[in-house]
Structure formats: structure tokens, C-alpha cells
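For the sequence shown, numbering that gives the first Met the number 0 gives the first residue as 0, with consecutive numbering after it.
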Amino acid sequence: MTDAITGVFGGSFNPPHLAHLLALSIVLARFDVARILVVPTYRHPFAKTLAPYNDRVRMCELAMGWLPRVEVSRVEQELGTESRTLRTIEHLHKLHPNWNLRFVMGADLKVESDKWYGFDRIAELAPPIVLGRVGVIYEGAPLAILPAISSTEVRAMIAAGRWDEVNGVLAREVVAFVRTNKLYAAASQS
Numbered sequence: 000m001t002d003a004i005t006g007v008f009g010g011s012f013n014p015p016h017l018a019h020l021l022a023l024s025i026v027l028a029r030f031d032v033a034r035i036l037v038v039p040t041y042r043h044p045f046a047k048t049l050a051p052y053n054d055r056v057r058m059c060e061l062a063m064g065w066l067p068r069v070e071v072s073r074v075e076q077e078l079g080t081e082s083r084t085l086r087t088i089e090h091l092h093k094l095h096p097n098w099n100l101r102f103v104m105g106a107d108l109k110v111e112s113d114k115w116y117g118f119d120r121i122a123e124l125a126p127p128i129v130l131g132r133v134g135v136i137y138e139g140a141p142l143a144i145l146p147a148i149s150s151t152e153v154r155a156m157i158a159a160g161r162w163d164e165v166n167g168v169l170a171r172e173v174v175a176f177v178r179t180n181k182l183y184a185a186a187s188q189s
């Protein structure tokens, strides 16, 4: 029997939406998982404008933190500077050499993995669990089980005040947090 998996699920989570929640549920259902670390990006490597880090961490806690064996991690804040998946994975591997790390990613990110910094090393330290996403097709792609929800589109919905649509793609606690804190009011958030 292999050791239980520690999944690493990183992202901007700007905001976290229901496809993120579904991804975690799928990993929990399909794999022997000790824990899944949800790792919000601390500082985007391409200087994309993000909601404040503490707000994104809190939204992740509200959206996904209640799932069993799911922990929202501030590891990228602890590392400081711009976020890089490879640095995060190497840091976790060094801190916990006995963990069976697996990098959880959507098929849409897998398509772009050749553009990632050190993806081969990421795959070596934390072999990816690739989850299929509607609209992402390539040879050998996993079955498309995740809906094609885009955080960019969600932010545009919020900026336009299309709350009926927003309610369909975000956890209710995240919607309340966004509204209370007036996040994403400007459509220029990317």
C-alpha cells in the first residue's frame, strides 16, 4: 500500500469558485488523501492585480476549508516574494520529505505546462493529478468533469452587478464576503 497523498492545489483564487470546490471533492473521492493544501498565490509572478491576499485566503477558507482533510495554507506568504509553484513544492518537500506530494491541476493548466517555470521538476517532486475541464481537449486528456468557470468572468459578473449569475458559481459564504468587503467592484481586476 502506498503512502497517503498530500495534494497541493494552488491558484490565485481570485475569487475561489465552485469548480475549485468540485476539484477538491473529486480528489478526495478518487485518491487516498491524507490532506490537500489549498495554496493561494501570495504575489502573482506576472504582476496581475489580485484582491488582497488575506481576503483571498479567507474566501478559500469559506469556500473549501470546511471539506475534510482540506487545509488552506499560507506557505507562499511565508516564502515571500513572487509565487512560483516550483519553489512552493520544493519548500514543502524539504519541510516534509516523507509526504507523498501530488500537484493538483486542471487540464487547462496542463496544456500550458511547457510555459511554466521548472514544470519537469514539479512533476518529479509532486506528480500531477490532472482533472479534466469542459472545453479542454488534447490527446490523452482526462474526462472533462470540471465546469468551465473562469475567475475572470466571475469578476466581470460581480463588477456588472449580475448577482444571480454570481450566486450560481460561488459558494454563498464567498458571495456574502465579496459583497460585504466590496471586492471586484472595478471591472479592471485581472
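All C-beta atoms in this analysis are idealised placements derived from N, C-alpha and C, irrespective of residue type, glycine included.
| said: Less than 8 Å between the C-beta atoms of valine 103 and isoleucine 128, yes or no? | reply: Their beta carbons are under 8 Å apart, which means valine 103 touches isoleucine 128 by this criterion.
| task | In the DSSP assignment, find the unbroken alpha helix (DSSP H) run with threonine 48 in it and report its ends. | result | DSSP places threonine 48 outside any alpha helix (DSSP H), giving it a letter other than H or E.
| query | First and last residue of the alpha helix (DSSP H) that includes threonine 151? | reply | Residues 150-158.
| Which partner residues of glutamate 70 appear in the DSSP bridge assignment? | As computed with DSSP, glutamate 70 is found in a beta bridge with Leu36.
| request: Go ahead and pull the three-state DSSP assignment for valine 129. | output: Under the three-state reduction of DSSP, valine 129 is assigned to strand.
| Exposure label - methionine 0; buried when at least 16 CB within 10 Å | Because the pLDDT at methionine 0 is just 37, under 50, the model does not fix this residue reliably, and the point stays unresolved.
| request: To the nearest angstrom, report how far apart proline 15 and methionine 58 are at their CA atoms. | output: The straight-line gap from Cα to Cα measures roughly 7 Å.
| Using DSSP with H/G/I as helix, E/B as strand and the rest coil, what is arginine 29? | In the structure shown, arginine 29 sits in a helix (DSSP, three-state: H, G or I).
| Distance between histidine 19 and proline 44 (C-alpha atoms, nearest Å) | Straight-line spacing of the CA atoms in proline 44 and histidine 19 works out to 21 Å.
| Are three or more beta carbon pairs between the region 33-40 and the region 6-14 nearer than 8 Å? | Cβ pair count under 8 Å is three or more, so yes.
| message | Using only CA atoms, which one of Gly167, Tyr183, Gly134 and Pro141 lies nearest to alanine 158? | response | Of Gly167, Tyr183, Gly134 and Pro141, the residue nearest in Cα terms is Tyr183.
| said: Residues in the same chain with beta-carbon distance under 7 Å from tyrosine 116, minus the five sequence neighbours each way, listed in chain order, please. | reply: Closer than 7 Å at the Cβ level, and outside the excluded window around tyrosine 116, lie Arg83 and Leu85.
| Would a C-beta distance cut-off of 8 Å place leucine 66 and leucine 27 closer than the cut-off? | Cβ distance < 8 Å, so leucine 66 and leucine 27 count as in contact.
| Identity of the residue in Ala33, Ala175, Val135 and Glu138 nearest arginine 68 by Cα | For arginine 68, the nearest C-alpha among the options comes from Ala33.
| message | I'd like to know whether the C-beta atoms of alanine 143 and valine 153 end up nearer to each other than 8 Å. | response | Note that the C-beta distance between alanine 143 and valine 153 is not below 8 Å.
| request: Would you mind working out which of Ala175, Ala147, Gly167 and Arg178 sits nearest alanine 22, comparing C-alpha positions? | output: By alpha-carbon distance to alanine 22, the top candidate from Ala175, Ala147, Gly167 and Arg178 is Ala147.
| message | Helix, strand or coil for arginine 101? Go by DSSP, reduced to three states. | response | In the three-state reduction of the DSSP assignment, arginine 101 falls in the strand class, which pools E and B.
| query | Is isoleucine 35 near asparagine 99, with beta carbons less than 8 Å apart? | reply | No, they are not a contact pair.
| Do leucine 61 and arginine 55 have their C-beta atoms closer together than 8 Å? | No, the Cβ-Cβ distance between leucine 61 and arginine 55 is not below 8 Å.
| query | From what residue to what residue does the alpha helix (DSSP H) around phenylalanine 8 run? | reply | Here phenylalanine 8 belongs to no alpha helix (DSSP H); instead the beta strand (DSSP E) covers 4-10.
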